[in-house]
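Peer 1: Be aware that the sequence shown starts at 66, since it is given in this note's numbering, and climbs by one per residue.
Built from N, CA and C at the ideal position, the CB exists for glycine as well.
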Amino acid sequence: MAKHAARPTTQLDLSDAGLWHQAVPAEEFTRLRKEAPVAWNERHDGHKGFWAVTRYDDIVTVSRDTETFSSRNGVISLDDFDDAQNDARRTLLEMDPPQHTKMRSITWAGFSPRAIAQLETSVRARAAGLLDAVVGAGPFEAVSQLTKQLPIYTLCGLLGVPEERREDMIRWSDLLIGSDDPDFVDPSFAHYPEAQRRLLPFGHPASLDAFELGREVAADRRKNPREDVITALVQGTVDGRPLTDDEFCNYFLMLVVAGNETTRHTLSHGLKALADHPDEWARFRTGGLDAKTAASEIIRWASPVHFVRRIATRDTELNGAQIAQGDKVAIYFASGNRDETQFDDPHRFIIDREKNPHMAFGKGGPHFCLGNAVAQLQIRVMLEELAKRVRSVELVRAPDRLRSNHINGVKSMQIALHPA
Numbered sequence: 066m067a068k069h070a071a072r073p074t075t076q077l078d079l080s081d082a083g084l085w086h087q088a089v090p091a092e093e094f095t096r097l098r099k100e101a102p103v104a105w106n107e108r109h110d111g112h113k114g115f116w117a118v119t120r121y122d123d124i125v126t127v128s129r130d131t132e133t134f135s136s137r138n139g140v141i142s143l144d145d146f147d148d149a150q151n152d153a154r155r156t157l158l159e160m161d162p163p164q165h166t167k168m169r170s171i172t173w174a175g176f177s178p179r180a181i182a183q184l185e186t187s188v189r190a191r192a193a194g195l196l197d198a199v200v201g202a203g204p205f206e207a208v209s210q211l212t213k214q215l216p217i218y219t220l221c222g223l224l225g226v227p228e229e230r231r232e233d234m235i236r237w238s239d240l241l242i243g244s245d246d247p248d249f250v251d252p253s254f255a256h257y258p259e260a261q262r263r264l265l266p267f268g269h270p271a272s273l274d275a276f277e278l279g280r281e282v283a284a285d286r287r288k289n290p291r292e293d294v295i296t297a298l299v300q301g302t303v304d305g306r307p308l309t310d311d312e313f314c315n316y317f318l319m320l321v322v323a324g325n326e327t328t329r330h331t332l333s334h335g336l337k338a339l340a341d342h343p344d345e346w347a348r349f350r351t352g353g354l355d356a357k358t359a360a361s362e363i364i365r366w367a368s369p370v371h372f373v374r375r376i377a378t379r380d381t382e383l384n385g386a387q388i389a390q391g392d393k394v395a396i397y398f399a400s401g402n403r404d405e406t407q408f409d410d411p412h413r414f415i416i417d418r419e420k421n422p423h424m425a426f427g428k429g430g431p432h433f434c435l436g437n438a439v440a441q442l443q444i445r446v447m448l449e450e451l452a453k454r455v456r457s458v459e460l461v462r463a464p465d466r467l468r469s470n471h472i473n474g475v476k477s478m479q480i481a482l483h484p485a
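#1: Within a Cβ cutoff of 8 Å, which residues of the same chain sit near isoleucine 444, ignoring the five residues on either side of it in sequence?
#2: Measuring CB to CB, does aspartate 393 end up less than 8 Å from arginine 379?
#3: Can you check whether the CB of asparagine 384 is closer than 8 Å to the CB of proline 102?
#4: From alanine 395 to alanine 117, what distance separates their C-alpha atoms?
#5: Under the rule that 16 or more other beta-carbon atoms within 10 Å means buried, what is cysteine 229, buried or exposed?
#6: Which residues bound the alpha helix (DSSP H) around proline 484?
#7: Can you have a look at lysine 288 and say buried or exposed, based on whether 16 or more other CB atoms are within 10 angstroms of its CB?
#8: Compare the beta carbon distance of aspartate 311 and arginine 98 with 8 Å and say whether it is the shorter of the two.
#9: Taking all protein chains shown into account, decide if tryptophan 366 is buried (16 or more other Cβ within 10 angstroms of its Cβ) or exposed.
#10: Counting beta carbon pairs with one atom in the region 429-441 and one in the region 114-134, are three or more of them shorter than 8 Å?
#11: Under the three-state reduction of DSSP, which class applies to serine 80: helix, strand or coil?
#12: Three or more C-beta pairs closer than 8 Å, one from the region 230-247 and one from the region 272-285: is that the case here?
#13: Taking all protein chains shown into account, do 16 or more other C-beta atoms lie within 10 angstroms of the C-beta of alanine 192, making it buried, or fewer, making it exposed?
#14: Give the C-beta separation of valine 439 and threonine 219 to the nearest angstrom, bearing in mind that I take them to be a contact with Cβ-Cβ under 8 Å.
#15: Drop a sphere of 10 angstroms on the beta-carbon of aspartate 246, count the other beta-carbons inside from all chains shown, and report buried for 16 or more, exposed for fewer.
#16: Can you tell me which of the three DSSP states valine 127 falls into?
#17: Got a sec, what are the start and stop residues for the alpha helix (DSSP H) leucine 157 sits in?
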């Protein structure tokens, strides 16, 4: 059994959502990368502590070694769950190969380069329409009027969900991701005992409402199949059988949340970056810089997912730390994307950054984000449409950050887009 004597430790409790509410703890990550790249984070709230992995190369090692670092016992939470709870909450994220590979293949065609290329015309038209409504109109709330809207319209098209349900999908996603934020308190939450909530994906009863929508769309696709992801799910098989109701619902919920949250927050952080770095925006508009390169820098800069979690399946060693079987291991993309060994001047926003192996979508291994190409398309197109219309981005009111130790979220942000 691995020993925990004299193990390096964090100076801050990275599980504390209040810590992240103010800002990403960049100084602590810089210290950890230098002094203790695999550090023990003790907890004092009834949950076991965990290992915080902060250096880029170590994050890649954990991501690739699914036999030693398993996803099956939780990915998005640093809390502890028993086997029954983990099984009930299981989405594509909480699976290891070969199960993950088989389930992922069901929807791969819907996220292939060919499928994503076919989305560009509609994404561009939607981005242009959203911008035309706000450019030159004075200060406006950017999240509700712009950065929430493009991803949810795109997601509805991909899944085949009616656009009139997009506000429901946004609300459920807010509740599921924002359960540690007092602004997203759901009155129905109190009606579900904790034991029941712990059996729900994301631990929130809003998942049940999303399940009902998923079942409604699935029933229609069984009668009226289309070329969309829901049709692929209802027609797909794993090990020669169709998905169970639980498997379908959890898969659908994962797509709703992942397809909405990360792109929305990346766009919000991107707009703030353009406001904070007007010279970089001017260079992009006048210098003929590549929009894909600029989108990658915005994604690195935003790092919308702070961490994902794994469980050690055996005693092991990682960069000098002795990790015991059963220990939780959190790999911090928020730190890896600022690693000085991988990025020149990593704390500077450089819109045409050439060397940019960011890990905002993961890095290596089977869990590389299924929808990464969709996110990149939306961010690139938004940049291109902004450049046609917007001379400068003004930050009128600082972002109101999401209180979450998992998602680098922006709840609201007032900006003005000054026309070119």
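Peer 2: Let me lay it out:
#1: Correct list, in chain order: Thr328, Thr331, Leu332, Gly335, Ala360, Ile363, Ile364.
#2: Note on identity: in this sequence residue 393 is lysine, with aspartate being the wrong assignment. In this structure, arginine 379 does not lie closer than 8 Å to lysine 393 by Cβ.
#3: Closer than 8 Å, so yes.
#4: Near 5 Å, if we compare the C-alpha coordinates of alanine 117 and alanine 395.
#5: The question names cysteine, but residue 229 is glutamate in the sequence shown. Exposed is the call here.
#6: Segment 475-484 is the beta strand (DSSP E) holding proline 484; no alpha helix (DSSP H) there.
#7: In the assembly as shown, lysine 288 is an exposed residue. Its beta-carbon has fewer than 16 other beta-carbons within 10 Å.
#8: The answer is no: Cβ separation not under 8 Å.
#9: The residue in question, tryptophan 366, is buried, as its Cβ has 16 or more Cβ neighbours within 10 Å.
#10: Verdict: yes, contact present.
#11: Three-state result, serine 80: coil.
#12: Because the criterion of three Cβ pairs below 8 Å is met, the region 230-247 and the region 272-285 touch.
#13: Around the beta carbon of alanine 192, a 10 Å sphere encloses 16 or more other beta carbons of the protein chains shown; the residue is thus reported as buried.
#14: Indeed, because the Cβ distance is near 7 Å, the residues count as touching under 8 Å.
#15: Buried, because 16 or more other Cβ atoms sit within 10 Å of the Cβ of aspartate 246.
#16: In this structure, valine 127 counts as helix in the three-state DSSP scheme.
#17: Taken as a continuous stretch (DSSP letters only), leucine 157 belongs to no alpha helix (DSSP H), as it is neither H nor E.
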